[in-house]
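See below for the structure under consideration.
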Amino acid sequence: MIRVDSHRAFLAAWQRGEACCWCDPVGHELRFYAQPVPTLQLLPAPFSPFRLREALMRRFLAPGRYEGCYLSATPEGAPLLMLQLTGSEVPQDAIGTLYSLADMT
């Protein structure tokens, strides 16, 4: 996985199909994996259990809006929001969906 230093570089690597990650200025980390299933991940910066519960509620109250989104945790216990991609998503929209799920828009 390559680590990039800008949003533009992240989008360029994603469009080339390269696994990549980028930390935004606030500390949220975006990751893109092409294999085995194209997936976009968001590891939000400080994210309390209350905010995680709110994200779960948003996910289940708006299933159409968050189709393909999943909430999990890293092995260290940090929250992990995922979106399985179909290939037809506009990258900015997919990123926006995860940020919306995390209530970081």
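Remember, the working numbering sits 13 above the position in the sequence shown when you count from 1. Note that the Cβ used here is the ideal one computed from N, Cα and C, for glycine as well.
DSSP places Ser113 within a helical segment (H, G or I) once states are collapsed to three. Boundaries of the alpha helix (DSSP H) harbouring Gln28: 20 to 29, taken from the DSSP string.
Per DSSP, Leu98 lies in no alpha helix (DSSP H) segment and is marked neither H nor E.
Relative to the Cα of Leu98, the nearest Cα in the group Ala75, Trp27, Phe23, Asp18 belongs to Trp27. Going by beta carbons, Ala58 and Leu94 fall outside the 8 angstroms limit.
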